[in-house]
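First to last, the protein sequences are chains A and B.
Numbered continuously in our numbering, the first sequence closes out at residue 349.
Numbered continuously in our numbering, the second sequence closes out at residue 1349.
Ideal Cβ positions, reconstructed from N, Cα and C, are used throughout, including at glycine.
Keep in mind it's a predicted model, so treat the numbers as computed, not measured.
Take a look at the structure below.
2 protein chains.
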Amino acid sequence: MKLSLLQHLSLSVPIFQSPMAGSQDHRLAVAVSQAGGLGALPAAMLTPEGLRAQILAFRAASSGPLNVNFFCHLPPAPQPDAEQAWRDALHPYYEEHALTPEQIPSGGGRQPFDTSMAQVIEDTRPEVVSFHFGLPTADLVARVKATGAKVLSSATTVAEAQSLEAQGVDAVIAQGLEAGGHRGHFLDHDLSLQLGLMALLPQIVQAVSVPVIAAGGIASPPAVRAALALGAQAVQVGTAYLLCPEANTSAVHRAALSSPRAAHTNLTRLFSGRPARGIPNRLMRDLGALSPVAPAFPLASDALAPLRQAAERLGRDDFSPLWAGQAAAQSRAQPAATVTQWLATGASA
Amino acid sequence: MKLSLLQHLSLSVPIFQSPMAGSQDHRLAVAVSQAGGLGALPAAMLTPEGLRAQILAFRAASSGPLNVNFFCHLPPAPQPDAEQAWRDALHPYYEEHALTPEQIPSGGGRQPFDTSMAQVIEDTRPEVVSFHFGLPTADLVARVKATGAKVLSSATTVAEAQSLEAQGVDAVIAQGLEAGGHRGHFLDHDLSLQLGLMALLPQIVQAVSVPVIAAGGIASPPAVRAALALGAQAVQVGTAYLLCPEANTSAVHRAALSSPRAAHTNLTRLFSGRPARGIPNRLMRDLGALSPVAPAFPLASDALAPLRQAAERLGRDDFSPLWAGQAAAQSRAQPAATVTQWLATGASA
């Protein structure tokens, strides 16, 4: 028998806000939480201290449960040749923006979950801890579970859902191919294995006995109703919140989402080194969205940072990741509470 | 206001059987029809006389409405160089199977809807005439509509749905990326424009005022319920019928669908020249599923025919199109009436 995740978390609506690193902080999480949904904080681009501060800010503003999300990739070995090739490919753009080699950082990027982040979880005790790209090592998962947190992770195939259940997750997020941002696959990198949510969700619900949350392309009440009909206990929604005033979505990102361009998204590995869905822009068109010239995750992003900054200063999105799911055209520029309540009508109808 | 397509067609269940050229004849259509769904005959690989005979066979066995389906591609100009390159790529396989050049046909393949087929429609008056790859010329569409038939065509994007509505279709089939067999896109061949059904269906329902039928990855009652929740008036189901005894699905195709291999499908243009979804086999692995070496639709299939025949005689699917949608693992080897009634429980629950 499947436990009701909503009852356990005392949520009044089955709406989970997707953690969206780079596009939000505690303010979006608070707004969704106050409307009865599950607010989420993305930790992938934060230091432990930064995360701790955001969790405290959330707690100060909402008494609802909180989902803290981590990436858990294996950091790649240094790849000087690949990184140099990437910088060479970007060289014409550096020249165009009069950027010098000294202005190009290296070696940083997104950090995976580790012992210092586990310490933050132990100290702050969020109700939900979710992972993307699989799970961290068993000892780290055990530390999280010992805090009482429900542990979630994303599955993009039936095999991944079964693997996560075997590793002890409390719920599986079924991430359809429609989803914006990074794909969560971790067992096999063949993109042809990635399924649309209509096919993926019922097969995962059938294959595992833990609760399933549906993600990908859900941006309207009918889609919420459909996901619940397919057996999900809740939906996770990201792109539909990107135009909310509480999100930190950049000006160029908001402009793209509000334009007819939002009708077309594509998977690209250029911005980080892992496939993620976004609205095509100049870099994707110039280099090819899935070009192997970008080095392994997360090494690709550093070299783009100064280009992105320079272009955005000119109002251009040439080098900015414009993460968006396939239902991006349905996003609405309204407060997050309004969006949450609107989506929730799909759960009650 | 959207008319109820089901009421017009006097269907008791909102289940349309997908026309599947090469895998079925009137027997599958009759079985679905007798169970209250909409039976379909694929005409793409039939002569006008062959189609006429199948329609008569359907009429003799069922009093239900009938959907006759046509491809409506523009036949390509002769491409002797591309066809030769294709035969060269296949040459090692011809040698392996001791096939000689004289055994390799050319110039045939699938035929688009034309005046001789329009004559068959005028004579036999099926209740529904559906098209794939857009619509035929306006004069041919007018001849079909003059018979009283409801005209349907597939849309894979919002823009295609709007184009079809502007051309006067009576309903749009929203074909999600999950769907098995040929993709129906006709405005733009960029595959990154293709959407999962969860994102595509609500956007098409919002964009057009004609009824919408959902297709792609629907192979269980929850998926039927979800598609109706997303605003579809009916669902079109193909792969879920391929294991039925009334289908002509080949032995190697049935074996693949019944195996763990059914969990993985991929788009390939090797078998016809247009992208279609099937279970990966030797040819797809050897040449690359989307390799440009296959000539334009429908020229690719002729050169494969003798290879397919020779391999299947050995019980191998090396050169056979194993069409299947992303929910293929949910297909059941049961009579089509049982499958239809099972799916229909998703519409009443």
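Should A:Leu343 and A:Ile15 be called a contact, given that it needs their Cβ atoms to be closer than 8 Å?
yes
What did DSSP end up calling A:Phe58 once you bin it into helix, strand or coil?
Three-state DSSP puts A:Phe58 in a helix.
If we ignore side chains and look at the alpha-carbon of each, how far apart do B:Leu1152 and B:Gln1233 end up?
13 Å
Quick one: any contact between the region 282-298 of chain A and the region 1159-1172 of chain B, if contact means 3 or more CB pairs under 8 Å?
Proximity of the region 282-298 of chain A to the region 1159-1172 of chain B falls short of the contact definition, fewer than three beta-carbon pairs being nearer than 8 Å.
Sorry if obvious, but does the Cβ on A:Val144 come closer than 7 Å to a heavy atom of the ligand MN?
Judged by which ligands are present, the structure shown has none, so any question about the ligand MN falls away.
Report, in whole angstroms, the separation of the C-beta atoms of A:Val205 and A:Ile218, which I expect to be a contact under 8 Å.
Incorrect: roughly 15 Å between the Cβ atoms, too far for contact.
Taking Cβ-Cβ distances shorter than 7 Å, what residues in chain A pair up with B:Arg1225?
Ala229
Below 8 Å, can you find three or more Cβ-Cβ pairs linking the region 97-107 of chain A to the region 115-126 of chain A?
no
Taking Cβ-Cβ distances shorter than 8 Å, what residues in chain B pair up with A:Gln79?
What A:Gln79 touches in chain B: nothing, since even the nearest Cβ is about 26 Å away.
Anything in chain A within Cβ reach of B:His1182, meaning under 8 Å, just list it in chain order.
In chain order: nothing, as chain A lies at least about 17 Å away.
Helix, strand or coil at A:Arg282 according to DSSP, with G and I counted as helix:
helix
Does the region 1021-1040 of chain B come close enough to the region 1055-1070 of chain B to have 3 or more Cβ pairs within less than 8 Å?
Per the Cβ contact rule, the region 1021-1040 of chain B is in contact with the region 1055-1070 of chain B (3 or more Cβ pairs under 8 Å).
I'd like to know whether the C-beta of A:Gly264 is nearer than 8 Å to at least one C-beta of chain B.
The sequence given here places His at residue 264 of chain A; Gly does not occur at that position. Chain B contact via Cβ: present.
Distance, Cα to Cα, A:His8 vs A:Val128?
Rounded to whole angstroms, A:His8 to A:Val128 spans 11 Å at the Cα level.
Counting only C-beta atoms, is A:Ala166 closer than 8 Å to chain B at any point?
no
The beta strand (DSSP E) that contains A:His132, what's its start and end?
Secondary structure note for A:His132: its beta strand (DSSP E) is the uninterrupted segment 128-132.
Kindly provide the ranges of any alpha helix (DSSP H) runs that are 4 or more residues long and lie completely inside the region 1217-1243 of chain B, ordered along the chain.
1221-1229
Quick one: list the residues of chain B neighbouring A:Pro136, beta-carbon separation under 9 Å, in chain order.
Per Cβ cutoff of 9 Å: no residues; A:Pro136 is ~27 Å from chain B at best.
Counting contacts by CB-CB distance shorter than 8 Å, is A:Met1 in contact with chain B?
Here A:Met1 scores only 40 on pLDDT, less than 50, and its place in the model should not be relied on; the value that follows carries that caveat. No, A:Met1 does not count as interfacial toward chain B.
Alpha carbon to alpha carbon, what distance is there between A:Ala138 and A:Ser250?
37 Å
Would you call the region 332-341 of chain A and the region 1192-1206 of chain B touching, i.e. three or more CB-CB distances under 8 Å?
Too few Cβ pairs lie closer than 8 Å, so no.
Using CA atoms only, rank isn't needed, just tell me which of A:Ser154, A:Ala171, A:Leu314, A:Gln167 is closest to A:Leu177.
A:Ser154
Per-residue contacts from A:Gly325 into chain B (C-beta, under 8 Å)
Ala1199
State the Cα-Cα distance for the pair A:Glu83 and B:Arg1308, rounded to the nearest angstrom.
46 Å
Proximity below 8 Å, CB of A:Gly37 to CB of A:Gln17:
yes
For a minimum of 3 consecutive residues, which ranges assigned as the beta strand (DSSP E) are wholly contained in the region 1021-1067 of chain B?
1039-1042
For A:Ile104, report the span of its beta strand (DSSP E) as first-last.
First-last for A:Ile104: undefined, no H or E at that position.
Closest by C-alpha distance to A:Ile279, when choosing among A:Glu96, A:Asp188, A:Gly22, A:Gly181
A:Gly181
Is A:Pro321 close to chain B, meaning its C-beta is less than 8 Å from at least one C-beta of that chain?
no
Work out the CA separation of A:Gly22 and A:Ser259 for me, nearest whole Å.
Between the alpha carbons of A:Ser259 and A:Gly22 lies a distance of about 21 Å.
Whose Cβ in chain B lies nearer than 9 Å to the Cβ of A:Leu243?
Ordered by position in chain B, no residue passes the 9 Å Cβ test against A:Leu243, which lies about 16 Å from the chain.
Among the residues of its own chain, which have a CB less than 6 Å from the CB of B:Gln1150, if the five just before and after it don't count?
The amino acid at residue 1150 of chain B is misidentified as Gln; the sequence shows Lys. Hits under 6 Å: Val1128, Asp1170.
Looking at the unbroken beta strand (DSSP E) that takes in A:Val172, where does it start and where does it end?
That run of the beta strand (DSSP E) goes 171-175.
Could you tell me whether any Cβ in chain B is nearer than 8 Å to the Cβ of A:Gly352?
Outside the modelled stretch of chain A, which goes from 1 to 349, sits residue 352 of chain A, for which no answer is possible.
If the cut-off is 9 Å on Cβ atoms, which residues from the region 1329-1346 of chain B count as contacting chain A, listed in chain order?
Ala1329, Gln1330, Gly1346
Roughly how many angstroms separate the alpha carbons of B:Thr1047 and B:Met1198, rounded to a whole number?
37 Å
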